[in-house]
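Notes for the one structure printed next.
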Amino acid sequence: AKVIALDLNDEKLATAKANGVDATLNIKGLDAKTIKEKVKELAKEIKAPKFGWKIFEISGTKAGQDLAFNLITFTSTLSIVGFTMDKVEVRLSNLMAFDAKLIGTWGCRAELYPEVLDLIATDKLKISQFVQTFPMSQINEVFKNTLEHKYTKRPVMVPDFN
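Residue numbers for the sequence shown, in my numbering: 254 to 415.
Set out below in structure tokens:
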């Protein structure tokens with residue numbers, strides 16, 4: 254598979270690139286049309302197919318979900334992993350027109366958990382580059398900082414009470 258990562262943060266993009274992503278694009282300040290054009294250019298450069306893209310939206314923002322839906326092309330599959338309370342307005346008929354699929358997921362089907370855990374245990378997936386642990390007693394501070402986008406890694410809460 255060929256993988257293109259989009260983000261607003263160069264540090265996150267560098268981590269993605271260091272972990273095997275074929276191309277990256279910092280989308281800060283770009284409109285959806287420009288982003289789609291640049292993604293098509295990158296796809297061509299890395300010799301990715303023009304259709305059948307697997308798109309994973311993990312930002313959990315309205316803007317991210319809008320963008321992900323706009324990136325759908327013929328026979329694409331869009332997986333929504335990120336969560337937002339905001340309402341996103343999309344033209345569902347695009348799914349029909351592009352013969353595309355839209356899936357909501359926690360990121361991985363439960364039956365694949367053993368394989369993912371094996372990837373982590375054998376250090377093939379270097380999860381420490383993507384997550385940061387915090388004691389549960391700091392949950393309010395972590396939520397506040399998360400909402401303010403102060404972390405480059407995904408916060409994971411660890412119980413610390415007796």
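Note that CB positions come from ideal geometry on N, CA and C, so glycine has one too.
{"Check": "Beta strand (DSSP E) runs wholly inside the stretch 312 to 356, at least 3 long, in chain order", "Outcome": "330 to 333"}
{"Check": "Where the alpha helix (DSSP H) through Asp263 begins and ends", "Outcome": "Asp263 to Ala271"}
{"Check": "Assumed close pair Leu261, Lys281 - CB separation to whole angstroms, cut-off 8 angstroms", "Outcome": "5 angstroms"}
{"Check": "Spatially closest choice to Gln382 from Ile356, Val409 and Glu368, by CA coordinates", "Outcome": "Val409"}
{"Check": "Endpoints, the alpha helix (DSSP H) within which Lys307 is located", "Outcome": "Taken as a continuous stretch (DSSP letters only), Lys307 belongs to no alpha helix (DSSP H), being part of the beta strand (DSSP E) at Lys307 to Glu310."}
{"Check": "Below-8 angstroms beta-carbon distance, Ser346 vs any chain C residue", "Outcome": "Absence of chain C from the displayed structure is noted, only one protein chain being present."}
{"Check": "Contact belief for Phe351 with Met389 at Cβ below 8 angstroms, rounded distance in angstroms", "Outcome": "Contact doesn't hold; Cβ gap of about 43 angstroms is too wide."}
{"Check": "Minimum C-alpha distance to Ile356 - residue among Ala269, Phe387, Ile333 and Ile373", "Outcome": "Ile333"}
{"Check": "The stretch 337 to 350 touching the stretch 306 to 320, judged by at least three CB pairs closer than 8 angstroms", "Outcome": "yes"}
{"Check": "8 angstroms contact criterion, which Gly305 and Thr328 should meet: CB distance rounded", "Outcome": "5 angstroms"}
{"Check": "Boundaries (first-last residue) of the alpha helix (DSSP H) holding Val369", "Outcome": "Tyr366 to Ala374"}
{"Check": "Neighbour-count burial assignment, Gln385, 16 or more Cβ in a 10 Å radius", "Outcome": "exposed"}
{"Check": "As assigned by DSSP and simplified to three states, the class of Leu259", "Outcome": "strand"}
{"Check": "According to DSSP, residues forming a beta bridge with Thr277", "Outcome": "Ala258"}
{"Check": "Beta-carbon proximity list for Leu295, same chain, < 7 angstroms, skipping 5 on both sides", "Outcome": "Ile257, Ala276 and Leu278"}
{"Check": "Under 8 angstroms between C-beta atoms of Asn272 and Lys377", "Outcome": "no"}
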